[in-house]
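Notes to accompany the following structure.
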Amino acid sequence: GAGVSQSPRYKVAKRGQDVALRCDPISGHVSLFWYQQALGQGPEFLTYFQNEAQLDKSGLPSDRFFAERPEGSVSTLKIQRTQQEDSAVYLCASSSHGTVNQPQHFGDGTRLSIL
Amino acid sequence: ILNVEQSPQSLHVQEGDSTNFTCSFPSSNFYALHWYRWETAKSPEALFVMTLNGDEKKKGQISATLNTKEGYSYLYIKGSQPEDSATYLCAFGMGANNLFFGTGTRLTVIP
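Order-wise, the sequence lines are chains D and X.
Number 454 in the working numbering belongs to position 38 of the first sequence; there are no gaps in the numbering.
Number 116 in the working numbering belongs to position 107 of the second sequence; there are no gaps in the numbering.
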């Protein structure tokens, strides 16, 4: 597609439920990033893929968070046993190469609300 | 904890005014500095990626400068228009692929 596509745009879940957020990056982009943005904060790094390899997951806040990109294209961020503090906007970005010298192209984000 | 600070947090300017805001970041382990514009209900859009001390970039009426030795970047908007209203985010690249974002400057241009 022309840009990074994320779905759903909005997700409301009850505490304890599992959720899955999808990111479809720009075709051919090697690198894919997930960020979490809490209210009033800037985006915070969660994890990074180069093709299908998850090279950095240091930002994942707990073992309830899991991300995958099995074929090096679409990625899914899964949150198990959601908690209220997981409420945030989750942004996905892709770039043509893996270094910070390249601009990142963002999706519109998924706004997750945990009740 | 890595500190990327942006100031001011928000500002309102009249249409036609010029304005600028600041991004401060650590002066060590510098790889790159990014600026993004984020309009409401849209996705963040890359404005500039700067990598060298003294870099200056320009896109239309928006320009940016970079001082890696003292750890700051300025973003300038000349002759602000209402469509420039957005949150402007800077992000500091320390490692090969890690970006650390500031909290943004929210600009409102009043017609």
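Cβ atoms here follow ideal geometry from the backbone N, Cα and C, with glycine treated the same way.
Beta-bridge partners assigned by DSSP to Ile-530(D): Ala-429(D).
In this structure, Gly-488(D) sits near Glu-468(D), with a CB-CB distance shorter than 7 Å. Check the Cα spacing between Ile-442(D) and each of Ile-495(D), Leu-528(D), Thr-515(D) and Val-490(D): the tightest is with Val-490(D). Note on geometry: alpha-carbon atoms of Lys-67(X) and Glu-484(D) lie some 37 Å from one another. Residues of chain X with a Cβ closer than 9 Å to the Cβ of Asn-467(D) do not exist, since the nearest Cβ in that chain sits about 13 Å away. Inclusion of Tyr-40(X) and Leu-98(X) in the CB contact set at 7 Å is not warranted, their separation being larger than that value. Taking a contact as a CB-CB distance under 8 Å, the pair Gly-475(D) and Thr-463(D) counts as one, their CB atoms being some 6 Å apart. Using a Cβ distance threshold of 7 Å, Asp-502(D) and Ser-52(X) do not count as a contacting pair.
Less than 7 Å divides the Cβ of Thr-112(X) from the Cβ of Gly-458(D). Each residue's CA atom was taken as its position, placing Phe-57(X) and Leu-75(X) some 11 Å apart.
Annotation: Gln-433(D) to Val-505(D) spans about 17 Å, alpha carbon to alpha carbon. Contact annotation, Lys-430(D) with Leu-528(D): C-beta distance approximately 12 Å; criterion of less than 8 Å not satisfied.
Contacts with chain D (Cβ-Cβ distance below 9 Å) from the segment 46 to 61 of chain X involve Trp-47, Ala-50, Lys-51, Ser-52, Pro-53, Glu-54, Ala-55, Leu-56, Phe-57, Val-58 and Thr-60, listed in chain order. Under a criterion of Cβ atoms nearer than 9 Å, no residue of chain D is adjacent to Tyr-97(X); the nearest Cβ is some 11 Å distant.
Taking a Cβ-Cβ threshold of 8 Å, the residues of chain X close to Ser-447(D) are Asn-106, in chain order. Counting every other CB atom within 10 Å of its CB across the protein chains shown gives Asp-472(D) a total of 16 or more, marking it as buried.
Between Ser-19(X) and the set Asn-106(X), Phe-109(X) and Thr-96(X), the nearest pair of CA atoms involves Thr-96(X).
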